[in-house]
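Okay, structure first, notes after.
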Amino acid sequence: MPSTRARGEAKSTGAEEPAQASPVQPIWLLVDSSGIGGIERHMATLARSLIGQGLPVEIVLLAHHPGNSWLEQLAAERLIVRTLGGTFSCLFNALGKFRPCLLHTHGYKAGILGRIAARASGIPIVSTFHSGEPVGWRVRLYRQVDEWSAFLGHSIAISSAIQCRLPFGSHLIPSFTATQTEAPTGDLPRRVGFVGRLSREKRPDLFCAVARQSGSGLEWHIYGDGPMRRDLEVRFAGSVYFHGMVTDMSSVWPALGLLFMPSQFEALPLAGLEALAAGIPIVGSRVGGMADVVIEGKTGWLFESGNIAEASQRINHWRALSPTDQAVMREACWSHCRAEFSADALLPRILRLYQDAGARLSRNAMPAP
43 MPSTRARGEA KSTGAEEPAQ ASPVQPIWLL VDSSGIGGIE RHMATLARSL IGQGLPVEIV
103 LLAHHPGNSW LEQLAAERLI VRTLGGTFSC LFNALGKFRP CLLHTHGYKA GILGRIAARA
163 SGIPIVSTFH SGEPVGWRVR LYRQVDEWSA FLGHSIAISS AIQCRLPFGS HLIPSFTATQ
223 TEAPTGDLPR RVGFVGRLSR EKRPDLFCAV ARQSGSGLEW HIYGDGPMRR DLEVRFAGSV
283 YFHGMVTDMS SVWPALGLLF MPSQFEALPL AGLEALAAGI PIVGSRVGGM ADVVIEGKTG
343 WLFESGNIAE ASQRINHWRA LSPTDQAVMR EACWSHCRAE FSADALLPRI LRLYQDAGAR
403 LSRNAMPAP
């Protein structure tokens with residue numbers, strides 16, 4: 043990839059930048075990323091949607107993290123990526139030199155540093171708050187500083203649970219995902235999937251425990267990596283297939299018939315939205331924003347977090363669906379996602395917030411009032 047060194051040790055990487063200056067300065071989507079997760083997938087979808095409106099966009103990484111597979115995915119999609127030197131001064135200097143029309147931050151560190159740097163640089167600032175419950179004292183501290191510094195800019199909460207937690211005013215705009223123009227069809231495969239990080243708050247151990255006692259007729263597959271993987275592979279090798287980190291889920295969703303999300307904490311799970319878009323129902327724990335995603339009996343079922351017996355009962359509801367019921371549920375999943383969690387439904391609200399924050403966007407990009 044081509045790269046140039048900028049003041050403050052910022053460097054730009056990605057697709058070739060246009061030879062002629064755009065009439066609108068780019069929107070910067072800022073994150074401190076070391077891999078692919080829900081935030082990264084949301085940002086890529088947001089970037090593609092903004093570009094589809096004729097707006098120039100750059101995804102900006104605060105620092106370079108070796109082995110970040112997200113960079114390969116962004117390059118394949120020809121999205122412009124700019125990597126900075128990892129310090130506040132690098133960010134501040136880059137904002138001063140390149141003058142994006144707006145900075146949109148995602149995540150703790152990007153939010154804290156980005157709001158201060160943007161205000162000091164006179165650049166409009168919007169921050170999206172994605173996080174569920176914090177794990178560990180350090181993350182709790184970061185989250186508190188992030189939330190209490192939110193007054194420096196405009197804020198987006200991706201779920202009602204997050205919005206209630208923020209100490210200052212915010213706009214409730216859920217994450218969104220790409221959706222097909224027509225509902226997926228066909229019988230639901232007898233394959234149950236877990237998609238996410240293999241860490242305590244996601245409860246992959248509960249997924250494995252339910253898989254072991256489920257009996258025959260179903261396949262149980264985990265797509266993800268994390269600190270619990272090695273132990274779970276040893277304990278449940280005969281019951282669960284472990285695929286590791288999958289950076290592109292597009293070929294996986296058609297093979298799944300149910301997404302099982304037994305998380306202990308959850309904000310608004312992007313994996314859940316992607317499942318709905320693919321016409322896949324969800325069995326998930328009743329936490330965070332899950333109730334916004336799962337409509338009981340229509341797009342899936344909820345259970346009390348940690349309750350293996352109730353989770354198994356909900357999976358049996360799915361298992362007993364007739365082909366006709368499966369078709370109805372697939373249609374309901376897709377329709378719910380398209381109505382509530384698609385770019386068509388939510389991007390106009392983001393664009394209006396950008397404008398309210400002070401960004402000068404091209405008139406053609408703005409939605410009708």
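Each position in the sequence shown, counted from 1, maps to that position plus 42 in my numbering. Just so it is clear, CB atoms sit at the ideal spot from N, CA and C, and this is done for glycine as well. Predicted, not measured: the structure shown is a model, and the values here were computed from it.
Proximity winner among the options, relative to residue i (alpha-carbon distances)
i: R180; options: T223, K151, F171 and P166; result: K151
i: G286; options: L274, A297 and G280; result: L274
i: V294; options: P269, T341 and V237; result: V237
i: T129; options: E316, I154, A374 and D398; result: I154
i: E224; options: D398, R402, A381 and L144; result: A381
i: L116; options: P166, L183 and D290; result: D290
i: S163; options: Y184, G149, P142 and G138; result: G138
i: G156; options: P209, S191, N358 and C375; result: S191
i: S256; options: R90, S281 and T227; result: S281
i: L484; options: A118, A86, L126 and I93; result: Only positions 43 to 411 of the chain appear in this structure, which leaves residue 484 out of reach.
i: R141; options: R161, G149 and H148; result: R161
i: Y184; options: A401, P365 and G149; result: G149
i: L395; options: A86, A118, L144 and H359; result: L144
i: P365; options: R254, G228, D334 and A385; result: G228
i: H106; options: A118, A251 and C132; result: C132
i: G299; options: E338, A374 and W360; result: W360
Counterpart residues of residue i in DSSP-defined beta bridges
i: T170; result: H148 and I198
i: F249; result: Looking at the DSSP assignment, F249 forms no beta bridge with any residue, so it has no partner.
i: H213; result: I198
i: R233; result: E261
i: Y184; result: DSSP output for Y184 lists no bridge partner at all.
i: I122; result: In DSSP, I122 forms no bridge with anything.
i: W295; result: DSSP lists no partner for W295.
i: I69; result: V99 and L144
i: L301; result: G235 and I324
Residues near residue i in its chain [Cβ-Cβ closer than 6 Å; skip 5 each side]
i: V102; result: W70, L72 and R124
i: F284; result: I264 and E275
i: L31; result: As displayed, the chain neither begins before 43 nor continues past 411, which places residue 31 out of reach and without an answer.
i: K244; result: G238 and S305
i: H146; result: L71 and V168
i: F171; result: A199 and I204
i: E100; result: P68, W70, I122 and R124
i: F134; result: A159
i: S212; result: S197, A199 and Q205
i: L301; result: G235, A317, I322 and I324
i: V336; result: I324, G326, G342 and L344
i: F249; result: F236, F302 and P304
i: L194; result: R157 and R161
Close Cβ partners of residue i (< 8 Å) along its chain, the five nearest in sequence each way excluded
i: D267; result: R239, L240, G286 and M287
i: A89; result: L71, V99, I101 and L121
i: G400; result: L144 and P166
7 Å Cβ shell around residue i - same chain, five flanking residues per side excluded
i: W112; result: S75, G77, I78 and E82
i: S64; result: No answer about S64 holds up, because its pLDDT of 48 lies below 50 and its placement is not dependable.
i: A297; result: P231 and R233
i: D398; result: H196
i: P226; result: A320, G321, R372 and W376
i: P246; result: F236, L240, I264, M270 and L274
i: L208; result: F171, E189, A192, S197 and A199
i: S347; result: Q306, S327, R328 and V329
Residue-chain proximity (residue i, chain C), Cβ-Cβ < 9 Å
i: D229; result: Considering every chain present, this structure includes no chain C. It has just one protein chain.
Practice task
Check whether the segment 201 to 210 touches the segment 319 to 331, counting contact only when three or more Cβ pairs, one atom from each stretch, lie closer than 8 Å.
Solution key: Result yes; three or more Cβ-Cβ pairs closer than 8 Å.
Practice task
State whether the segment 210 to 221 contacts the segment 361 to 375, with contact taken as three or more CB pairs (one from each stretch) at a distance under 8 Å.
Solution key: No, they do not touch.
Exercise for the section: Assess, as a yes-or-no matter, whether the segment 383 to 392 is touched by the segment 344 to 359 under the definition of 3 or more beta carbon pairs within less than 8 Å. Expected result: Not touching, per the Cβ criterion.
Handout entry: In chain order, each beta strand (DSSP E) run of at least 3 residues that lies wholly inside the segment 309 to 391
Key = The DSSP assignment places 324 to 327 and 342 to 345 as complete runs of the beta strand (DSSP E) inside the segment 309 to 391, in order along the chain (cut-off: 3 residues).
Handout entry: Meets three-Cβ-pair contact criterion under 8 Å: the segment 227 to 234 and the segment 243 to 263
Key = Contact between the segment 227 to 234 and the segment 243 to 263 is present: three or more C-beta pairs spanning the two stretches fall below 8 Å.
Handout entry: Contained beta strand (DSSP E) runs [length at least 3] in the segment 85 to 115, N- to C-terminal order
Key = Listed in chain order, they are 99 to 103.
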